[in-house]
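All remarks here apply to the structure that follows.
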Amino acid sequence: MSQVEYRQFTCLSDNFGVIVHDPQSGTTIALDVPDAAPYLAVLEAEGWNLTDILITHHHWDHVGGLGELKEKSGARVVGPARTQQKLSEIEVGVEDGDHIMAGPLKVRALATPGHTLDHITWWFEDAGLAHTGDTLFALGCGRLFEGDAQMMWASLTHIVDTLPEETVLFCGHEYTLSNARFALTIDPENTELIKRVAEIEALRREDKATLPTTLKLELATNPFLRAANPAIQKHLGMEGAPLSDVFAEIRQRKDMA
């Protein structure tokens, strides 16, 4: 497994910036760019030269600093193929299953539409980490702005079926505390969830980040991945219902919370 370093930092109000660095090759990758300034500050502090920028989707709070960061770094920009018409900075467009080489690092694109139609999850296969953008959050998932519940459920299933459970997950926002409190209303007897919520509350009291997470932890505690769980189905009065319908009910309840 490739040994990489990463830096996670706050952008805007509740966005996360993430930079992945391979110390042997010097390859340095930015994931989304809500605002260029925090990225430039981290790069300067670490003495890293940015080589690549990977975009998950076109929303402004993920690409607002893209033009400036590309201009100042000269980094290659890779993003969803269908986003190239919206974002002229994207030089390489990818579809589901495509992979790129960023230095020695193999990065695979998983199409995960639902939040937006163009959404890509980036999986660093050898390094054991992924960036799920606004598709999968810690204890949550993205709102359905362009897709529907069936599409989002298929995307979450795609992530679960593709990534090893040990994969370290980064995502676009620090939404974990509100997600945690909502999760308890869906899965109130989940002892692992109850324990995790207490840990999250302690982290946020100290203004510490709750990310990254792991797929294994999300499978155990994130209600949006647990539509098949009998206790959740019983709690919702949806025993035996299609899993996409159970997911849709959970998503609707979160929208109304």
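Numbered according to my numbering, the sequence shown spans residues 2 to 258.
From the three backbone atoms N, C-alpha and C, an ideal C-beta is built for every residue, glycine too.
As the structure is a prediction and not an experimental result, all values here were calculated from the model.
(1) Can you tell me the Cα-Cα spacing of isoleucine 54 and glutamine 234, whole angstroms?
(2) Three-state secondary structure (DSSP) at asparagine 50?
(3) According to the Cβ coordinates, are glutamate 175 and lysine 217 closer than 9 Å?
(4) Can you find the residues in the same chain that come closer than 8 Å, C-beta to C-beta, to threonine 163, ignoring five residues on each side of it along the sequence?
(5) Whose C-alpha, out of Thr84, Val64, Thr113, is nearest the C-alpha of histidine 159?
(6) Please list, in chain order, all residues of the same chain as glycine 104 whose beta carbon is under 7 Å from its beta carbon, the five residues on each side excluded.
(7) In chain order, what residues of the same chain have a beta carbon less than 8 Å from the beta carbon of threonine 211, not counting five sequence neighbours either side?
(8) Out of Asp149, Ala150, Gly115, Asp127, which one is the CA nearest neighbour of glycine 134?
(9) Restricting to runs no shorter than 3 residues, where is the beta strand (DSSP E) found entirely within the stretch 142-175?
(10) On the three-state DSSP scale, how would you describe valine 198?
(11) Could you pull out every residue in the same chain whose Cβ sits closer than 6 Å to the Cβ of tryptophan 1, ignoring the five residues on either side in sequence?
(12) Just how far apart, CA to CA, sit glycine 65 and histidine 59?
(13) Would you call proline 165 buried or exposed, if buried means 16 or more other Cβ atoms sit within 10 Å of its Cβ?
(14) On the three-state DSSP scale, how would you describe glycine 236?
Taking the coordinates as given:
(1) Computed Cα separation, rounded: 41 Å.
(2) It is coil, neither helix nor strand.
(3) The answer is no: Cβ separation not under 9 Å.
(4) So the qualifying residues of the chain are Leu111, Trp124.
(5) Put simply, of Thr84, Val64, Thr113 the residue whose alpha carbon is nearest the alpha carbon of histidine 159 is Thr113.
(6) Contacts found: Asp23, Ser26, Thr28, Thr52.
(7) Counting only Cβ-Cβ distances below 8 Å, and skipping sequence neighbours, we find Ala139, Glu175, Thr177, Leu178, Ile201, Leu204, Arg205.
(8) The residue with the shortest Cα to Cα distance from glycine 134 is Gly115.
(9) Runs of the beta strand (DSSP E) spanning 3 or more residues and lying entirely within the stretch 142-175 occur at 169-171, in chain order.
(10) It is helical.
(11) For residue 1 there is no data in the structure shown, the boundaries of the chain being 2 and 258.
(12) A direct Cα-to-Cα measurement between glycine 65 and histidine 59 gives close to 9 Å.
(13) Exposed, since its Cβ has fewer than 16 Cβ neighbours within 10 Å.
(14) The question names glycine, but residue 236 is histidine in the sequence shown. In this structure, histidine 236 counts as helix in the three-state DSSP scheme.
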